[in-house]
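Peer 1: Chains A and B, in that order, give the protein sequences. Here the numbering used here is used: the first residue of the first sequence is 1, the next is one more, and so on. Here the numbering used here is used: the first residue of the second sequence is 1001, the next is one more, and so on. The beta carbon of each residue, even a glycine, is placed where N, CA and C say it ideally should be.
2 protein chains.
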Amino acid sequence: MSQYQAPITDIYFNLFNVWQLDQYWSQQAALSDTVDIDTTKAIIEEAAKICEQQIAPFSAIADQQGAKLVDGKVKLPEHYHKIYQSLSEGGWTALSGDPQYGGMGMPKALSMMVDEMLCSADIAFSLYQGLTAGACVALLQHADEQTKALYLPKMYSGEWSGTMCLTESHAGSDLGIMRTTAKRDSDGSYLINGSKIFITAGDHELTSNIVHLVLAKLPDAPAGSRGISLFLVPKFLPDAAGEPAERNNITVGSLEHKMGINGSATCVLNFDDAKGYLIGEPHRGLACMFTMMNYERLSMGSQGLGAAERAYQNALGYAKERLQGRITEKDGNKAEAIIGHADVRRMLLNIKAMNEAGRTFATWVASLLDKAKYDNCPVAADRANLLTPIAKAFMTDQGFEACVTAQQIFGGHGYIKEWGMEQLVRDARIAQIYEGTNGIQAADFMLRKVAHDQGVVLLALLAEIKAEVLAKPIAQCLVLADYITKLEATAATLLVRNTRAQSANACDFLALVSNVLYGYMWYKSLSALNSELHTEAFISAKQQTAAYFFTRILPKAEGLFALLSHDSAPLDTLTIDQF
Amino acid sequence: MSQYQAPITDIYFNLFNVWQLDQYWSQQAALSDTVDIDTTKAIIEEAAKICEQQIAPFSAIADQQGAKLVDGKVKLPEHYHKIYQSLSEGGWTALSGDPQYGGMGMPKALSMMVDEMLCSADIAFSLYQGLTAGACVALLQHADEQTKALYLPKMYSGEWSGTMCLTESHAGSDLGIMRTTAKRDSDGSYLINGSKIFITAGDHELTSNIVHLVLAKLPDAPAGSRGISLFLVPKFLPDAAGEPAERNNITVGSLEHKMGINGSATCVLNFDDAKGYLIGEPHRGLACMFTMMNYERLSMGSQGLGAAERAYQNALGYAKERLQGRITEKDGNKAEAIIGHADVRRMLLNIKAMNEAGRTFATWVASLLDKAKYDNCPVAADRANLLTPIAKAFMTDQGFEACVTAQQIFGGHGYIKEWGMEQLVRDARIAQIYEGTNGIQAADFMLRKVAHDQGVVLLALLAEIKAEVLAKPIAQCLVLADYITKLEATAATLLVRNTRAQSANACDFLALVSNVLYGYMWYKSLSALNSELHTEAFISAKQQTAAYFFTRILPKAEGLFALLSHDSAPLDTLTIDQF
Chain A
1 MSQYQAPITD IYFNLFNVWQ LDQYWSQQAA LSDTVDIDTT KAIIEEAAKI
51 CEQQIAPFSA IADQQGAKLV DGKVKLPEHY HKIYQSLSEG GWTALSGDPQ
101 YGGMGMPKAL SMMVDEMLCS ADIAFSLYQG LTAGACVALL QHADEQTKAL
151 YLPKMYSGEW SGTMCLTESH AGSDLGIMRT TAKRDSDGSY LINGSKIFIT
201 AGDHELTSNI VHLVLAKLPD APAGSRGISL FLVPKFLPDA AGEPAERNNI
251 TVGSLEHKMG INGSATCVLN FDDAKGYLIG EPHRGLACMF TMMNYERLSM
301 GSQGLGAAER AYQNALGYAK ERLQGRITEK DGNKAEAIIG HADVRRMLLN
351 IKAMNEAGRT FATWVASLLD KAKYDNCPVA ADRANLLTPI AKAFMTDQGF
401 EACVTAQQIF GGHGYIKEWG MEQLVRDARI AQIYEGTNGI QAADFMLRKV
451 AHDQGVVLLA LLAEIKAEVL AKPIAQCLVL ADYITKLEAT AATLLVRNTR
501 AQSANACDFL ALVSNVLYGY MWYKSLSALN SELHTEAFIS AKQQTAAYFF
551 TRILPKAEGL FALLSHDSAP LDTLTIDQF
Chain B
1001 MSQYQAPITD IYFNLFNVWQ LDQYWSQQAA LSDTVDIDTT KAIIEEAAKI
1051 CEQQIAPFSA IADQQGAKLV DGKVKLPEHY HKIYQSLSEG GWTALSGDPQ
1101 YGGMGMPKAL SMMVDEMLCS ADIAFSLYQG LTAGACVALL QHADEQTKAL
1151 YLPKMYSGEW SGTMCLTESH AGSDLGIMRT TAKRDSDGSY LINGSKIFIT
1201 AGDHELTSNI VHLVLAKLPD APAGSRGISL FLVPKFLPDA AGEPAERNNI
1251 TVGSLEHKMG INGSATCVLN FDDAKGYLIG EPHRGLACMF TMMNYERLSM
1301 GSQGLGAAER AYQNALGYAK ERLQGRITEK DGNKAEAIIG HADVRRMLLN
1351 IKAMNEAGRT FATWVASLLD KAKYDNCPVA ADRANLLTPI AKAFMTDQGF
1401 EACVTAQQIF GGHGYIKEWG MEQLVRDARI AQIYEGTNGI QAADFMLRKV
1451 AHDQGVVLLA LLAEIKAEVL AKPIAQCLVL ADYITKLEAT AATLLVRNTR
1501 AQSANACDFL ALVSNVLYGY MWYKSLSALN SELHTEAFIS AKQQTAAYFF
1551 TRILPKAEGL FALLSHDSAP LDTLTIDQF
C-alpha cells in the first residue's frame, strides 16, 4: 500500500480560497483570537503528521488484530493505546471542544478536515475520539452546569471517552419501540435496565472511564418516540473528587463480528440497575440525542471521504507502477504503466473528481454549522440541516463506490488482503449503514428537510446558486444553470405528490440534488483559482478535472431526471407474496 | 439467514416458455435423446435439493474455516469433501461433458441453470467443479485423442479436477510478458519452470489428481502473446494404467488471504522442472486457453446471478419479518414489517427486476452457445461472442450491486457476520475481477466484438430486436424501440471514433447495451406469459416487475446516453503528476 499523504494543499484551497474562512473567522469575536491561517496550518500539518506516520501505517494490523472480548474485558489492537494517548496529550481530543470546559474551541470547518485525515488513516480508530466529541456536543447543549463541569473537561482531555446507546436488537431505525427502562432512585439518579446492541466503543481500556449516553423509557413515558429520555450512565461512577470510583452495573454481553472496522469494539451492553443521570427534560431524550446524531452524521461524511481519499492514493500509486499492456506503439513488447490505459484513467478521474467536490462540500456544510453557531444565523442553520443528510448519505455512498473502484484498479491484487484495498471496501461500507441508514437519510431529506416546508429552504438555495452561476459564468460550468432549472422543476413535481410517492423517490432525489450541488462545488472551486495564489499545474488540474466532471460524471444525472419523471406507483402494485 | 430455495419456477419459465428450448432440443439429433422437459425437471429438481440442503446451509461455515495450508498441503472446509463426493457420485461433474468420454452431454442452457444454483449455494465451493468443467472444454477442443481418452473420463467422473494457470505476479491482464518456460524433454514431454499466482483450486484433496492447464513459453517463442503455449501438467503423473502415480514437481508456495470466497484455495504454484504435455500447436496456447476462458466468463455471470438471487431471498425474508416503523395509520404504535416501506420495496424491486432479466439473459446466451455448437450456426456463434463479455461484466456488476443493496435492507444487521449478507458481498466481489476484469471485458466488447467488425453483429441484433418489438408491441415495453434507436445512434458515433476514444467509452457503452438488452429480456418474458400455462399471480408479478423495470430502472440509461454523447478527451488532458 502507498504511504498515505494528507491532501493538505486541497484542504487549504478549500478553507482559504474557496470558502475564505480565514476572513470569516477574523470577523467573529469567538473565533478571531482562536484561529487564523497560521494556527490552521500548524494544526493541519501536525494532524497530518500524526495520521500519516502514527496511525495510517498500522491500520492493517488493527484490522487483523481486531477488538476482542477476553474474560469480559475488551482488548483493542495494541498500538491503539499508544496513539490514543498521543492524541490526548497533543490536545487533539479537545480540538472542537468548548473553551469554557477546557476545549480548544476550533471551528467545525477545521475539525472536519482533521476528521477526514483520521478517517483516511484508520476509520475504526477514529471512532473512539469521534464518538467522544459527539457525546460532548450533546452534553454541552443539554446537561446541567454541574454535569458539564464534571464531565466535559475529562472528555476533552481524552481521559474519559463517550458512546451513544440507542439501538436494541428489535429497535434500530424505530427507536420508539425500545424496551430499556429507567426508574427514579431515592437519590434522584435513575436505575437503567435493558440491553443495547451495536454500541461503538462500548467498552475498552483506552480511557479510565466511559460515559454512555443511553436512551431509555421512564415508567410514565408516552408510547412511541415521544416517550424516550436521555441518561448519562458512566462505566465508573465518579467519586466526590470526580475520579472514577465504583464500577457501574454495565457488562459487555458480546462483541459483534463484523465485515470491517475490526478495530472498533462494537458491543452488546447490558445495563442491570445501572446508575444513570437524566440529561435534559424527561421524554425529550430523542431530541437531545439528535444533537449528537446530527454531529455524527456529518462525521460519517468524513468517513466516506477519508476512505475514498486513501483508496485513491493507493490506486494512483499502483497505477503508476504496475506495468501491464501496451498503450503507445513505442515498443511493441514493453509493458507500460496502467495509468496510461483509458479505462484506468476513467476510474481514477471518477474518484478524483468526486473526492475533490466532496471535500469542498464538507467544508461548506461545516462552515454553515459554524455560521449557525457563531452568528446565530437561521439561514445557515436551515441550510446545514438541509445538507446534513446529503453529507451523510451521498458522501458515504461515494466513499464506498470510490473504494470499490480503486480496488478494481488493482485487478486480482485488489482482492488480496496484503494490498489493503479490500479492507478499505469493508471499512467504508459501514458508514452507509450506521447513524441512520442512507435510506433513512433520504427520507429525512425528502420529507423533513424538503417537503415539510414546501421546499422553501432548498428552492431558495438553488435560486441563489443559479443567480451566482449566471452572474459570473465560467466556461466549464455553463450547463450548471440548466441542471438547476431542471432540478427545480423536478422538485416542484415531487412537492405536490403524496408522502408515499415522496418516500419512494427519496433516495434518487437525494442523489440528484447531491450531483447538482457537487457541480456547484466545482463551480466554486474554479471561481477560487487565482494565478497569484496557485501554481499553473494546480490551476489546470482543477480546470481539467472540472471539465471531466461536467462532461463525464454530471450527465449521469439525466438518468435520475428521467427516473423521477415517472410515477413511482409500480413500486406498490406487487403483493408481498409476489416478491 | 433464510433457507435458500432454488428459483425453479423461473428457471422453467425461461427454459420452456421464454426460449422454448425443449422444442429446440427435440429437433437436434445430438440432444433429442438426451434431454426433454422431464429430464430437465428431474435434473433441476435434484440439483435444487442438493444445493438447498447439502451446500447452502453450510456456506458460512466454509467461509469461517476457509482453505488452509498445513505442512505444504491444502486443507479445505471439512464438509467440502462430503459434498464433492456426493456431486461426483450423482454424476453432476459430468453434466455438460461429452458423452463420448463419459459425460452426460446436457446443453449449456441447462447446465448454466445448475451453475446458478451452485453459486447461490456457495460460490467458493462451485469453483472446484466449475474449473474442472472449463478445463474439460479446453481439452475436448484442443487435446489429442490419447490425452482426451486418458483425462476426460476421470475429470467428468469427478475423480480428478482441473485448473487454469495463467497469471504470474507481474503478468495478469498482460499475459504476453509471462516468464514461465517450457523446455522439450527427451521423451517428448516438456519441463515446466515458473511460478503462477491466483490459481483457483490450485491444490486440495477433494480429488485424487489435479490437472493443471498451464501457459508457458517455449525457447523459440516469439515475443508477446503470440508466443505462449498450453501444457497439461498433472499433479500426479498417470501410470500405464492411467492411475495417479509419481508426484510431479509442483508445490504450493502459499495460499492467498482474500476478501472472500475463503473456501476456495487460491494458490501460488511453483513449477520446478514439472513434467507437462503440450496441448494444441506450439505458440497457440492463448487461443486454446481462451476456449476455457470464454466458458469461465459465462460462469462468472452465474456467480453474479447466483449471489444476487441468494441475497434477494435473504433480504426478502428479513423484510417480511423485521418490524420497524409505521407505514399505515392502523395502529399508531405497532411496528410493521419493513417490506411495507417504500424505500425497502424500491431496493427489493431493483434486485428482483434485474435478477429475473439476468436469468433470461443467461438462458439466452447459453442457448446461443448451444445453437452454435449443435447447429454449427455462425450467427448464433457471433452473438454468443458478442454477449459473453456482457454476461461476464454486467451480470457480475449487477450481482455485486444486488448483494450490497440486499445488505442495506438489513441495516446494521447486514454488517454483522451472523446474517450472512456481508459474506455474499465479499464473495460476489471477486467475479468482477477475475477471469479478465470487467474493464478488460468492456474493452473486449467495444474493440473486438463491436468496433472490429464495424458493429455488424451488434447492429444486426439490434435491428432484429427492434423489428420484433415493433411487429408485436406490448404495452409495458413500448419505449424499448425508442431506446434501441437511440442506442443505434450512440453506437454509430462511437464506431467512427478512434481506438483511444472507444476504450475510454467502453465500460459505459457496455453498461448501456446491457441495460437495453435487459429491456428486451423483459419484452421476451412478457411475450411468453400465457394464462393456460401460468397462474394469475405469476403473470401479474411479471407484468408489474416489468412495469417497474421500464419506468424506474431503464430510464437511468438516459444518463449513459448523455455521458456517451460527450467527448472523452478530458480523460487524457491531465498529466500523470496532476492526478
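Shorter than 8 Å from the beta carbon of Ala-511/A to some beta carbon of chain B?
Peer 2: no
Peer 1: I want to verify the contact list: residues of chain B whose CB lies under 7 Å from the CB of Ala-342/A, in sequence order.
Peer 2: Chain-ordered, the chain B residues with CB closer than 7 Å to the CB of Ala-342/A read Arg-1500, Ser-1503, Ala-1504 and Leu-1571.
Peer 1: So His-1566/B and Pro-555/A are in contact, right, with Cβ under 8 Å, and what is the actual spacing, rounded?
Peer 2: 6 Å
Peer 1: Since Leu-478/A is in the beta strand (DSSP E), which residue starts that stretch and which ends it?
Peer 2: Note, Leu-478/A: premise wrong, no beta strand (DSSP E); not H, not E.
Peer 1: Run down chain B in chain order and give the residues with a C-beta less than 9 Å from the C-beta of Cys-507/A.
Peer 2: Asp-1343, Arg-1346 and Met-1347
Peer 1: Starting from Val-214/A, trace the beta strand (DSSP E) in both directions and tell me its first and last residue.
Peer 2: 209-216
Peer 1: I'd like to know if the segment 1418-1425 of chain B and the segment 1490-1510 of chain B are in contact, where contact means that at least 3 CB-CB pairs between them fall below 8 Å.
Peer 2: They do not touch, by the three-pair rule.
Peer 1: Could you check what DSSP says for Lys-196/A in three-state terms: helix, strand or coil?
Peer 2: strand
Peer 1: Helix, strand or coil for Phe-231/A, going by three-state DSSP, please let me know.
Peer 2: strand
Peer 1: Taking any Cβ of chain B, which residues in the segment 243-262 of chain A have a Cβ under 7 Å from it, in chain order?
Peer 2: Those residues of the segment 243-262 of chain A that come within reach of chain B (Cβ to Cβ, closer than 7 Å) are Glu-256, His-257, Lys-258 and Met-259.
Peer 1: Using a beta-carbon distance below 8 Å, is Lys-1417/B in contact with chain A?
Peer 2: Yes - at least one Cβ of chain A is within 8 Å of the one on Lys-1417/B.
Peer 1: On the DSSP letters alone, give me the boundaries of the alpha helix (DSSP H) that Trp-1522/B sits inside.
Peer 2: 1499-1528
Peer 1: List the DSSP bridge partners of Lys-258/A.
Peer 2: For Lys-258/A, which the question treats as bridged, DSSP gives the partners Ile-1416/B.
Peer 1: Buried or exposed: which applies to Ala-1149/B, given that a residue is buried once 16 or more other Cβ atoms fall within 10 Å of its Cβ?
Peer 2: exposed
Peer 1: For Gln-432/A, which residues in chain B fall below 8 Å Cβ to Cβ?
Peer 2: Gln-1408
Peer 1: So which residues of chain A does Asp-1373/B contact, with C-beta pairs closer than 9 Å?
Peer 2: Reading off the sequence, residue 1373/B comes out as Lys, not Asp. Here the premise fails: no neighbours, minimum Cβ distance about 30 Å.
Peer 1: Do you know offhand how far Lys-441/A's Cα is from Phe-509/A's?
Peer 2: The sequence given here places Gln at residue 441/A; Lys does not occur at that position. Taking the straight line from one Cα to the other gives about 12 Å.
Peer 1: Would you check if the distance between the CB atom of Ala-1121/B and the CB atom of Ser-1059/B is smaller than 8 Å?
Peer 2: In contact: Ala-1121/B and Ser-1059/B (Cβ atoms closer than 8 Å).
Peer 1: Just list the residues that DSSP pairs Pro-238/A with in beta bridges.
Peer 2: DSSP, once it has assigned bridges, lists Pro-244/A as partnering Pro-238/A.
Peer 1: How big is the Cα-Cα spacing for Leu-1218/B and Ser-1229/B?
Peer 2: 7 Å
Peer 1: Pick helix, strand or coil for Met-1164/B, following the three-state DSSP scheme.
Peer 2: strand
Peer 1: If you compare alpha carbons, which of Ile-433/A, Met-300/A and Gly-285/A is closest to Arg-226/A?
Peer 2: Gly-285/A
Peer 1: Please report the Cβ distance between Val-1211/B and Met-1155/B, rounded to the nearest whole angstrom; I am assuming they are in contact, meaning their Cβ atoms lie under 8 Å.
Peer 2: 6 Å
Peer 1: Measure from the C-beta of Gln-20/A to each C-beta in chain B and report whether the shortest distance is under 8 Å.
Peer 2: no
Peer 1: Tell me whether Arg-179/A sits in a helix, a strand or coil according to DSSP, three-state version.
Peer 2: coil
Peer 1: For His-1566/B, which residues in chain A fall below 8 Å Cβ to Cβ?
Peer 2: Thr-551, Arg-552 and Pro-555
Peer 1: Which parts of the segment 1352-1383 of chain B are runs of the beta strand (DSSP E), unbroken and 3 residues or longer, counting only runs that do not cross its ends?
Peer 2: Complete beta strand (DSSP E) runs here, min 3: none at all.
Peer 1: For the structure I just gave you, are there three or more beta carbon pairs, one from the segment 266-286 of chain A and one from the segment 192-208 of chain A, closer than 8 Å?
Peer 2: Short answer: they touch.
Peer 1: Can you give the beta carbon distance from Ser-299/A to Ala-362/A, rounded, assuming they're within the 8 Å contact cut?
Peer 2: Ser-299/A to Ala-362/A, Cβ: 10 Å. No contact.
Peer 1: With 9 Å as the limit, tell me which residues of the segment 1296-1308 of chain B have their beta carbon closer than that to any beta carbon of chain A; keep them in chain order.
Peer 2: none
Peer 1: Express the C-alpha separation of Pro-107/A and Gln-141/A in angstroms, rounding to a whole number.
Peer 2: Gln-141/A and Pro-107/A: Cα-Cα distance of roughly 16 Å.
Peer 1: Ignore the nearest five residues each way along the sequence and tell me which others in Ala-546/A's own chain have a CB closer than 6 Å to its CB.
Peer 2: Gln-476, Trp-522 and Leu-526
Peer 1: Do Ala-1308/B and Ala-1320/B come within 8 Å of each other at the CB atom, strictly closer than that value?
Peer 2: One point to set straight first is that residue 1320/B is Lys, not Ala, in the sequence displayed. Contact: no.
Peer 1: From this set, Ser-1126/B, Gln-1146/B, Thr-1163/B and Phe-1125/B, which residue's C-alpha is nearest Cys-1136/B's C-alpha?
Peer 2: Thr-1163/B
Peer 1: By the DSSP assignment, the beta strand (DSSP E) with Leu-1069/B in it spans what residues?
Peer 2: 1068-1070
Peer 1: Could you tell me which chain A residues have their CB closer than 8 Å to the CB of Gln-1544/B, listed as they occur along the chain?
Peer 2: Per Cβ cutoff of 8 Å: Pro-570, Thr-573, Leu-574 and Gln-578.
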